[in-house]
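Colleague: If you read the protein sequences in the order shown, they are chains A and B. Using UniProt numbering, read the first sequence as starting at 1 and increasing by one per residue. Using UniProt numbering, read the second sequence as starting at 1 and increasing by one per residue. Here a beta-carbon is modelled for each residue, glycine too, at the ideal position from N, C-alpha and C. Pasting a structure below so you can have a look.
Number of protein chains: 2
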Amino acid sequence: MKIDCIVKAPHIYTMKGEGVGYVYDEAIAIDRGKIIEINKQEEIEKLYSAEEVIDLQHHAVFPGFIDGHMHTALAILRGLAQDTQNWMMFGLQPFVQHTRKEDYLLGSKLGIMEGIKNGTTTIGDYGDPMEDVCDFVDRIGVRGNLTQTIREAKNKVYQPGELYEYDRERGEQSLKRNIALYDRWHRKKDGRIRVLFGPQGPDFVSEELLLQVQKEAKTRETKVHLHTQQGSRETEQMIKRYGKRTIPWLQEREYLDETLLAVHLTDATEEEAKIVAKSGASMVLCPGSIGIIDGIVPPSLVFQGAGGSVALGSDQAPGNNCHNIINEMKLVTLFNKIKYENPEVMPAWKALRMATIEGAKAVGVDDIVGSLESGKRGDLIAIDLGKTSMQPLFTHPMRNIVPNLVYSAGGEEVALSMVEGEVIYREGEFTKIKEKDELKNLEKQVQRIGKDAEEDFKAFSHIHRKFMEEGKL
Amino acid sequence: MKIDCIVKAPHIYTMKGEGVGYVYDEAIAIDRGKIIEINKQEEIEKLYSAEEVIDLQHHAVFPGFIDGHMHTALAILRGLAQDTQNWMMFGLQPFVQHTRKEDYLLGSKLGIMEGIKNGTTTIGDYGDPMEDVCDFVDRIGVRGNLTQTIREAKNKVYQPGELYEYDRERGEQSLKRNIALYDRWHRKKDGRIRVLFGPQGPDFVSEELLLQVQKEAKTRETKVHLHTQQGSRETEQMIKRYGKRTIPWLQEREYLDETLLAVHLTDATEEEAKIVAKSGASMVLCPGSIGIIDGIVPPSLVFQGAGGSVALGSDQAPGNNCHNIINEMKLVTLFNKIKYENPEVMPAWKALRMATIEGAKAVGVDDIVGSLESGKRGDLIAIDLGKTSMQPLFTHPMRNIVPNLVYSAGGEEVALSMVEGEVIYREGEFTKIKEKDELKNLEKQVQRIGKDAEEDFKAFSHIHRKFMEEGKL
Numbered sequence: 001m002k003i004d005c006i007v008k009a010p011h012i013y014t015m016k017g018e019g020v021g022y023v024y025d026e027a028i029a030i031d032r033g034k035i036i037e038i039n040k041q042e043e044i045e046k047l048y049s050a051e052e053v054i055d056l057q058h059h060a061v062f063p064g065f066i067d068g069h070m071h072t073a074l075a076i077l078r079g080l081a082q083d084t085q086n087w088m089m090f091g092l093q094p095f096v097q098h099t100r101k102e103d104y105l106l107g108s109k110l111g112i113m114e115g116i117k118n119g120t121t122t123i124g125d126y127g128d129p130m131e132d133v134c135d136f137v138d139r140i141g142v143r144g145n146l147t148q149t150i151r152e153a154k155n156k157v158y159q160p161g162e163l164y165e166y167d168r169e170r171g172e173q174s175l176k177r178n179i180a181l182y183d184r185w186h187r188k189k190d191g192r193i194r195v196l197f198g199p200q201g202p203d204f205v206s207e208e209l210l211l212q213v214q215k216e217a218k219t220r221e222t223k224v225h226l227h228t229q230q231g232s233r234e235t236e237q238m239i240k241r242y243g244k245r246t247i248p249w250l251q252e253r254e255y256l257d258e259t260l261l262a263v264h265l266t267d268a269t270e271e272e273a274k275i276v277a278k279s280g281a282s283m284v285l286c287p288g289s290i291g292i293i294d295g296i297v298p299p300s301l302v303f304q305g306a307g308g309s310v311a312l313g314s315d316q317a318p319g320n321n322c323h324n325i326i327n328e329m330k331l332v333t334l335f336n337k338i339k340y341e342n343p344e345v346m347p348a349w350k351a352l353r354m355a356t357i358e359g360a361k362a363v364g365v366d367d368i369v370g371s372l373e374s375g376k377r378g379d380l381i382a383i384d385l386g387k388t389s390m391q392p393l394f395t396h397p398m399r400n401i402v403p404n405l406v407y408s409a410g411g412e413e414v415a416l417s418m419v420e421g422e423v424i425y426r427e428g429e430f431t432k433i434k435e436k437d438e439l440k441n442l443e444k445q446v447q448r449i450g451k452d453a454e455e456d457f458k459a460f461s462h463i464h465r466k467f468m469e470e471g472k473l
Numbered sequence: 001m002k003i004d005c006i007v008k009a010p011h012i013y014t015m016k017g018e019g020v021g022y023v024y025d026e027a028i029a030i031d032r033g034k035i036i037e038i039n040k041q042e043e044i045e046k047l048y049s050a051e052e053v054i055d056l057q058h059h060a061v062f063p064g065f066i067d068g069h070m071h072t073a074l075a076i077l078r079g080l081a082q083d084t085q086n087w088m089m090f091g092l093q094p095f096v097q098h099t100r101k102e103d104y105l106l107g108s109k110l111g112i113m114e115g116i117k118n119g120t121t122t123i124g125d126y127g128d129p130m131e132d133v134c135d136f137v138d139r140i141g142v143r144g145n146l147t148q149t150i151r152e153a154k155n156k157v158y159q160p161g162e163l164y165e166y167d168r169e170r171g172e173q174s175l176k177r178n179i180a181l182y183d184r185w186h187r188k189k190d191g192r193i194r195v196l197f198g199p200q201g202p203d204f205v206s207e208e209l210l211l212q213v214q215k216e217a218k219t220r221e222t223k224v225h226l227h228t229q230q231g232s233r234e235t236e237q238m239i240k241r242y243g244k245r246t247i248p249w250l251q252e253r254e255y256l257d258e259t260l261l262a263v264h265l266t267d268a269t270e271e272e273a274k275i276v277a278k279s280g281a282s283m284v285l286c287p288g289s290i291g292i293i294d295g296i297v298p299p300s301l302v303f304q305g306a307g308g309s310v311a312l313g314s315d316q317a318p319g320n321n322c323h324n325i326i327n328e329m330k331l332v333t334l335f336n337k338i339k340y341e342n343p344e345v346m347p348a349w350k351a352l353r354m355a356t357i358e359g360a361k362a363v364g365v366d367d368i369v370g371s372l373e374s375g376k377r378g379d380l381i382a383i384d385l386g387k388t389s390m391q392p393l394f395t396h397p398m399r400n401i402v403p404n405l406v407y408s409a410g411g412e413e414v415a416l417s418m419v420e421g422e423v424i425y426r427e428g429e430f431t432k433i434k435e436k437d438e439l440k441n442l443e444k445q446v447q448r449i450g451k452d453a454e455e456d457f458k459a460f461s462h463i464h465r466k467f468m469e470e471g472k473l
C-alpha cells in the first residue's frame, strides 16, 4: 500500500497504556496526517511503500509536547518582569503601556517558534487579539489549541483592595470576538486548530458573563480555559465581591465540570484542588512561571491523586522567560521533590506523561494527539541521543532516556518535529516559514518600545530601576 | 604594542565591583594569557595590534563559569540514579560494581566537555584516580581546580546505623596520592591547574587523618575540599562515633577557617551555616543535585547573609543528570524563591555572581579568574544573543541579558569559550581535541557495564527495576 510517510527509530515512546509505552526498533506508518500503524520495521516496510522514509538512527521518538497555557504575545517583553513582587505592576506595566498590536504579534511568533524548537507541537496560546496568531499557527504548521481572552474589567491602575470595575460592553465584545474566532478557525485546517473560550478569571468578568461563556462553550463542545484561584489578589476580589473564595463560589454555580480547564490553582488549598479534580475539570500547571512570580508550588500532585488530569504550561516569557516544556518537566519534578522533601514523589515518567498524553487529556485533544497510536494524528518529535546531555545511552538493564530527557536535556536535542504527518522543523530550521523573515522588524520595534517606556519605567518600576542604577543588570 | 588577542563585544559583563560590572562596546586586550586592559574599542585598537581579533557583534561576554564541585567520572552512569531514596545504594550501587577505571575516564571526558559546552571554564572535579583527568584537563585547555578523594572507610555494604570501618592503610595511601597529584600538577601548565585536598567527609576518614590533611593543605597553601554535613547519614555516623553533629565537632577541632571549602551543608541548621560562614570557610552549593537526591534546599542564603562566599556546583550526572552551571543558576534562584515564598529573595544577578566572582572566591581562584579585569587571566565565554532564548534584546531602559541568561538560556547559547587567552571551544567544536576520538569506545564500554550489571540491578535496584517492569522507562 502506498502511503505518505514512514518514520523509523530505534526507540519510540508511544505513551500508550499507564507508562511510557516504549517499543524498540519499530516504525510508524503515516498517511494523510494520521498514524495508520506502528509495528516492527520489517513488518511496516513489507506492508507499505512511502513517499518519504525518515530513518532516525540515533534518536528517540516521542509524541510532540502539549503546552497547555501560553501567552506568547508577551515574549516580546522577555526577561523584563522577574525577581519582583507584583510582577505585573512593577515588571510589565511600564512596558505594556507602549507595546502595540504589531509588537505582540512579533512576540507570538517568537514564542511559538521557541516552543516548537523545544519540542512543543500543540500550542496552547491565550491572548487578545488572536486572529493573526491563528494565521501564523496555520502558516508554520503547528497544532493550535487557542483561546481568546474575554475580559470585562476596565484597564486602570486599581488601588489595593479596590474592586475591579466592569465594562459590560467590553465583556460582550470580547465574547463576540471569541465566538467569531471559533467560527472561523475551530476544527479548520484539517482539524489542526481548535478554539476554546477564555474568561480571564472569575474576578475579571461578571458572574453573568462567566455563566454565559460556559453556556456558549458547552453548546459548541469546547472548553472554558479559565485562570482559576490564581493568587491572593483574586481571592481578595472574590471575598470582597461575593463573600466566598473562588472554588466554592464556582462550585455553587455548577461551574466545576469537564468543560472547565482550570489554570494555575496557585492559591487553592489541597481540599479545593481535590474538589476541582473530582468534578471532572482539568488543570494546567505552570511550574516555572508560578515559581518565579510567586515562589509557590501549586497542588498538582493532590489534583492528580484525586483523579484529575494535569497539563504543563509555559505561561509567558517575562516572568517565566522561556517557552520550553522540557524545562517545565524538570521543574515540576524538582519542585515537588522539594515541596514534599521526597525524591520519589514525582519521577521523570510522570512528568513526561503530563507533557504528552495526560496534558492532551487535560486540554481536550487526546482524541487526536498525546500518544502515538493508530488513528491518532502524526504529531511527533525526534530527540537526538547523540547530544552530550543524552549521553551515554543505557538500554539494559535500565533505560536512561526518559530521566535524561527530563533532568538533563535543554531543548536543543529536538532534531525534528512533525505535525499532521508533515515535518515542520528539522535541525534548527522551520520548513514552512523563514524565521529571519518573520522577525525582521524585531530589533527596531523593541528599540521603540524601550524608548517609549523610559518615563514609565522611571515612574513605576520598583526593583529593576534600582538594579539598573546599581549596576546589577 | 603587539599583543596576542583582542576580544570586542557590544556587551561585556566584567563582574567587577558589587554588581555585574557591565560595560558597553568595549574590548579586552589579552597577552600571554593575561588581560592587560579593558577599554573602549577605539582606545584598545589605537594602543594595541593583535595576532587575533575576535569581533563578537551579537554577543555578551562573561567571565567563564566556575563549577565548584563535580564528580565527572560518574557521567558514565548518567540518568541511572534519580527518583529514588538512597540514590547511592538503590541507584548507583548495581552499576558502580561493574564500572572500571577506563569507564570512569570516559565519564570524566564526557562531563568535562559538557561543562565547557555550557560555559564552564574552571572545572572543580573531585575523584579518584585523578592523574588521567589532569591529563585530559591539560589537553582540552580548560582550567582545573582539582581534588583527589581521600577515604579511609572500607567499601562494603553497611547495615543501617553501622559505623564505617576505617582502613588506616587505605587512608594513608589516598593522602599520598593527593600529595603526589599536588606535586605533579599544582600551579603547573601556566597555573591552569590547581590541586586541593579531598577528605571525602568527616565520617569517611578518622579524626587523625582529617587533621593531618588540614595540616598538609595549610603547608601547601591550598584548600581542604570536604563534603560537610551532607545528609542525615553523616549526622548519624558523627553522633554515634563522637556524640556531636558535624559542625560543632569541626569547630572544636579548629577545622572551620578559610582553608575549608564546605560542600553541600544539606543537613546543616541555619545556625550551623552561620557558624561556618563566619569562620571564613566557604561553601559549594549544588542545587540540582541536592534537589533531586534529597528534595532539600540547603541554607546558602543564610551562609551569604553571614558574609560567606558560595560557589555553585553541578555534582554528578547520575542524580543531577547534567553539568551545566546555567541550569544551577536557574535552580538556585527558583528553589530559594520557593523556600522563602518570595520572588525577590534571590535575583538573577546574585546567581550570576555565584557562577563567576563569588564562586571564584569560594574555591580560591579569585586571584586569577572570576572577573574580567587587568591582571587576571583571559578566561571568558561569549553568549550568542541571537538565540531565541535570549531574544528580544532590551538595552534601555532595562537590560534583559542577565535575567534571560539565568532564566531562559539552556547552554547552547555558549558560542565561544576561552581559557588563558586561548579559544578552547567555538560553535560546537573543541579546538584542541576531537570529541569523537575521545569518546570512540563509549558505546561498547557502556554496553559492557549494562551487561555486567544485570544481576546486581535485579538484586539491589529498588524503584528502577519496578519502573522497567512496569514500562515506565
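Just to make sure I have the definition right: I need the residues of chain B whose C-beta is within less than 8 Å of the C-beta of residue 110/A. Which are they?
Modeller: 388, 391, 392
Colleague: DSSP three-state call for residue 162/B: helix, strand or coil?
Modeller: coil
Colleague: Identify, in the order they occur along the chain, each residue of the same chain with its Cβ nearer than 7 Å to the Cβ of residue 132/A, setting aside the five sequence neighbours on each side.
Modeller: 105, listed in sequence order.
Colleague: Rounded to the nearest angstrom, how far is the Cβ of residue 56/A from that of residue 382/A, given a contact under 8 Å?
Modeller: That belief holds up - the Cβ atoms of residue 56/A and residue 382/A are roughly 5 Å apart, short of 8 Å.
Colleague: Using 8 Å for Cβ pairs, my map puts residue 229/A next to residue 265/A. What's the rounded Cβ distance?
Modeller: 5 Å
Colleague: Applying the criterion that 16 or more other CB atoms from any shown protein chain within 10 Å of the CB defines a buried residue, is residue 323/A buried or exposed?
Modeller: buried
Colleague: Tell me, please, whether the CB atom of residue 310/B is closer than 8 Å to any CB atom in chain A?
Modeller: At a cut-off of 8 Å between beta carbons, residue 310/B makes no contact with chain A.
Colleague: Does the structure place the stretch 116 to 136 of chain A close enough to the stretch 323 to 335 of chain A that three or more beta carbon pairs sit under 8 Å?
Modeller: yes
Colleague: Check whether the Cβ atoms of residue 37/A and residue 84/B sit closer than 8 Å, and answer yes or no.
Modeller: no
Colleague: From residue 79/B to residue 404/A, what distance separates their C-alpha atoms?
Modeller: 5 Å
Colleague: Is it buried or exposed, residue 163/B, if we count other Cβ atoms within 10 angstroms and call 16 or more buried?
Modeller: exposed
Colleague: Below 7 Å CB to CB, which residues in the same chain sit around residue 315/A once its five sequence neighbours on both sides are set aside?
Modeller: 69, 70, 71, 286, 289
Colleague: Can you check whether the C-beta of residue 403/B is within less than 8 Å of a C-beta belonging to chain A?
Modeller: yes
Colleague: Any beta carbon of chain A sitting closer than 8 Å to that of residue 473/B?
Modeller: Taking Cβ atoms only, chain A reaches closer than 8 Å to residue 473/B, which makes this a yes.
Colleague: Would the beta-carbon of residue 74/A be found less than 7 Å away from any heavy atom of the ligand MG?
Modeller: With respect to the ligand MG, the structure offers nothing, as it holds no ligand at all.
Colleague: Check whether the Cβ of residue 340/B lies closer than 8 Å to any Cβ atom in chain A.
Modeller: yes
Colleague: Roughly how many whole angstroms lie between the Cα atoms of residue 334/A and residue 456/B?
Modeller: Spanning the two alpha carbons is a distance of roughly 28 Å.
Colleague: Report buried or exposed for residue 397/A, applying the criterion of at least 16 other Cβ atoms within 10 angstroms of its Cβ.
Modeller: buried
Colleague: Would you mind working out which of 409/B, 67/B, 234/B sits nearest residue 142/B, comparing C-alpha positions?
Modeller: 67/B
Colleague: So residue 351/A contacts chain B; which residues on that side make the cut at Cβ distance below 9 Å?
Modeller: Under the 9 Å cutoff, chain B gives no residues; its nearest Cβ is about 10 Å from residue 351/A.
Colleague: I need the DSSP call for residue 212/B, collapsed to helix, strand or coil.
Modeller: For residue 212/B, the secondary structure class from DSSP, reduced to helix, strand or coil, is helix.
Colleague: Which parts of the stretch 391 to 433 of chain A are runs of the alpha helix (DSSP H), unbroken and 4 residues or longer, counting only runs that do not cross its ends?
Modeller: 401 to 407
Colleague: Should residue 398/B be flagged as near chain A, meaning a C-beta pair shorter than 8 Å?
Modeller: yes
Colleague: Give the straight-line distance between the Cα atoms of residue 423/A and residue 31/A, rounded to the nearest whole angstrom.
Modeller: C-alpha of residue 423/A to C-alpha of residue 31/A: approximately 13 Å in a straight line.
Colleague: Check whether the stretch 152 to 170 of chain A and the stretch 196 to 215 of chain A touch, using three or more Cβ-Cβ pairs below 8 Å as the test.
Modeller: yes
Colleague: Pull up the distance between the alpha-carbon of residue 438/B and that of residue 190/A, whole angstroms please.
Modeller: 48 Å
Colleague: To be precise: take each residue of the stretch 96 to 126 of chain B, compare its Cβ to all Cβ atoms of chain A, and keep it if any distance is under 7 Å. Which residues remain?
Modeller: 110, 113, 114, 117
Colleague: Can you look up residue 228/B in the DSSP assignment and give me helix, strand or coil?
Modeller: strand
Colleague: Could you tell me the distance, in whole angstroms, from the CA atom of residue 359/B to the CA atom of residue 295/A?
Modeller: 25 Å
Colleague: Applying the criterion that 16 or more other CB atoms from any shown protein chain within 10 Å of the CB defines a buried residue, is residue 160/B buried or exposed?
Modeller: exposed
Colleague: For residue 284/B, list the residues DSSP reports as bridge partners.
Modeller: 263/B, 311/B
Colleague: Could you check whether residue 450/B and residue 395/A sit closer than 8 Å to each other, using their CB atoms as the reference points?
Modeller: yes
Colleague: Residue 295/B touches chain A at which residues, Cβ-Cβ below 7 Å?
Modeller: 337, 338, 340, 341, 342, 343
Colleague: Count the other C-beta atoms from every protein chain shown that fall within 10 angstroms of the C-beta of residue 329/B, then say buried if there are 16 or more, exposed otherwise.
Modeller: buried
Colleague: Beta carbons nearer than 9 Å to chain A: which residues of the stretch 429 to 454 of chain B have them?
Modeller: Within the stretch 429 to 454 of chain B, 435, 439, 442, 443, 445, 446, 447, 449, 450, 451, 453, 454 place their CB atoms closer than 9 Å to a CB of chain A, listed in sequence order.
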